[in-house]
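Using our numbering, the final residue of the sequence shown is 146, and nothing's skipped along the way. Note that CB positions come from ideal geometry on N, CA and C, so glycine has one too. Reviewing the structure listed below.
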Amino acid sequence: MTKYLISFPSGAMVVPDGDLQAVSDASHAVVQEAKDAGVWVFGGGIDGSVPPVMVDGDGTVTEGTYPETTQLEGGYAVLELPSREAALGWAAKLAVACRCAQEVREFGYDPAS
Numbered sequence: 034m035t036k037y038l039i040s041f042p043s044g045a046m047v048v049p050d051g052d053l054q055a056v057s058d059a060s061h062a063v064v065q066e067a068k069d070a071g072v073w074v075f076g077g078g079i080d081g082s083v084p085p086v087m088v089d090g091d092g093t094v095t096e097g098t099y100p101e102t103t104q105l106e107g108g109y110a111v112l113e114l115p116s117r118e119a120a121l122g123w124a125a126k127l128a129v130a131c132r133c134a135q136e137v138r139e140f141g142y143d144p145a146s
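Structure follows, in structure tokens:
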């Protein structure tokens, strides 16, 4: 089976304060559904309060990220699924729960992962 990254940037998720709990509950329900279906690999949201760092091969740590990466934040889910169509179906469920469109990307096959 293939792993798929389903994600959205934080700015895409515009939720009125009174609806935040409902969105949280709906997204957790989709996560639980994916776990129950045995397709959940991992997921979560990037903590924007913790700045990224770059680690070089010699262990040198530098604050920041690649220059071409303006920002990396938002919510992510990695699911292992039998087809792209299945990934699109799960992305639609997450889009409804999170109230914003989801980006779908396919990981290249790696027999060691």
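Under the rule that a run must span 3 or more residues, the beta strand (DSSP E) segments found entirely inside the segment 47-130 read 73-78, 86-88, 94-96, 108-114. According to the DSSP assignment, Phe140 belongs to no beta strand (DSSP E), since it is labelled neither H nor E. Beta-bridge analysis with DSSP links Ser40 to Tyr109, Glu136. Measuring C-alpha to C-alpha distances from Tyr37 to each of Val63, Trp73, His61 identifies Trp73 as the nearest.
Segment contact: the segment 86-103 against the segment 55-65, fewer than three CB-CB distances shorter than 8 Å; contact not assigned.
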